[in-house]
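Here's the structure we're looking at; comments come further down.
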Amino acid sequence: MAKIINFHDIASPQWFEDTLDVIQELYEVVPFSEVQRFYQGKSKSKNIAHLTVDDGHFSTYTIIYPALKKRDLSASIFVSPKIITEQSNFWYEESGDYEADQLKTCISEVLNVSVDRLKDFYPRSVMKTLTLEQNWEIIRLYQKKFSIPTKKYQYINTSQLLEMEASGVFDIGAHTQNHPILANETDVISRYEIQESVKNLGELLGRKITTFAYPNGSYDLDFGSREMEYLKEVGIDYAFSFQFKDLNIKDHLLSIPRYGLYHGTKDFVRKKLKYGNIWEPLKAKLFNNEDKHRKLIMKKLQNHA
Ligand SMILES: [Zn+2]
């Protein structure tokens, strides 16, 4: 069994240590080179897991980096060179703790639909059906209406990125410039977001970038064959998505599945790793998950570009 595990922001160092304990109890944690060997049919190990971290939150440097170093482990991280050099937050970070009903009033104003039409939807899910431009318009309106200042920068800085690259603990790949839901954007914007991030990160690190992770990461809903073409044009060999599936040698290398781990006790994490490939699809069938919710929003609002 081989799998890729994904983290985002880590709130508790203890949770991360506990989760690493469980992962190491179940798998041999391997560097990215072993994932490449797996897809080349050359992997000798049976139970391997590779760790990945998206977005480059400050906790990647303060919590994940020292924890991995202590255990002599490595991981892949996916970052935006734009936000790191400009020190500006991604749209979802900026709006992450906005009050739901107030946020809905701003969404309704920007989209020119009544608040009533948004009543059954989570505002965050609605925002995932929109473009970057629409989302920033909503955020600017919210800030103005409710006198909310722009948040403090939440991610790593350039010297931390360079230190992590030099440490050998991380393989660093690109994650777009502004974290849009690529599928919602025009050809021009989607291509720019992907290719500019690959180019700029390459300049920042002084080497060729060959790996990438899609924002959000559901095939069809967040990206598709169009994005894969844009990645190929700039020489990306491996791109990561989200799906509760173990690796298979037949996987498309530009849509490698990952298991997301974000919370829960050791027991929960253990079960999620062992049975996530069975119960996550079942859960999606039985209940209304976010992907289904977003499809419903797109259908109901009929404003999807
Ligand atoms: Zn992300």
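Taking the numbering used here, the leading residue of the sequence shown gets 1, the next gets one more, and so forth.
C-beta: ideal position from N, C-alpha, C; glycine also.
Residue i, DSSP secondary structure in three states
| i | result |
| --- | --- |
| Thr211 | strand |
| Phe223 | strand |
| Ile172 | strand |
| His304 | In this prediction, His304 has a pLDDT of 44, which is less than 50 and means its spatial position is unreliable; nothing more can be read from the coordinates. |
| Val234 | coil |
| Val30 | coil |
| His293 | helix |
| Tyr155 | strand |
Any non-hydrogen atom of ligand 1 within 6 Å of residue i CB
| i | result |
| --- | --- |
| Asp251 | no |
| Asp72 | no |
| Pro311 | This structure leaves residue 311 out entirely; the chain is present only between 1 and 305. |
| Pro215 | yes |
| Asp18 | no |
| Asp55 | yes |
Residue i burial status per 10 Å Cβ neighbour count (16 or more: buried)
| i | result |
| --- | --- |
| Leu247 | buried |
| Gly56 | buried |
| Thr60 | buried |
| Pro149 | exposed |
| Ser45 | exposed |
| Ala305 | Legend: pLDDT at Ala305 = 40, less than 50; position of this residue unreliable, value from coordinates given subsequently. Looking at its Cβ environment, which holds fewer than 16 other Cβ atoms inside 10 Å, Ala305 is exposed. |
| Ile4 | buried |
Closest residue to residue i among the options (Cα-Cα distance)
| i | options | result |
| --- | --- | --- |
| Arg71 | Glu290, Asp101 and Pro31 | Pro31 |
| Asp18 | Thr176, Leu162, Lys208 and Asp267 | Asp267 |
| Ser167 | Ala174, Val188, Leu205 and Asn178 | Leu205 |
| Ala174 | Ser95, Ser159 and Lys199 | Lys199 |
| Gln24 | Leu182, Gln134, Asn47 and Ser12 | Asn47 |
| Gly276 | Arg258, Gln177 and Ser114 | Arg258 |
Counting Cβ pairs, one atom from each stretch, are 3 or more of them under 8 Å apart for the segment 116 to 134 and the segment 235 to 247?
no
For the pair the segment 180 to 196 and the segment 125 to 145, tell me if three or more CB-CB distances fall below 8 Å.
yes
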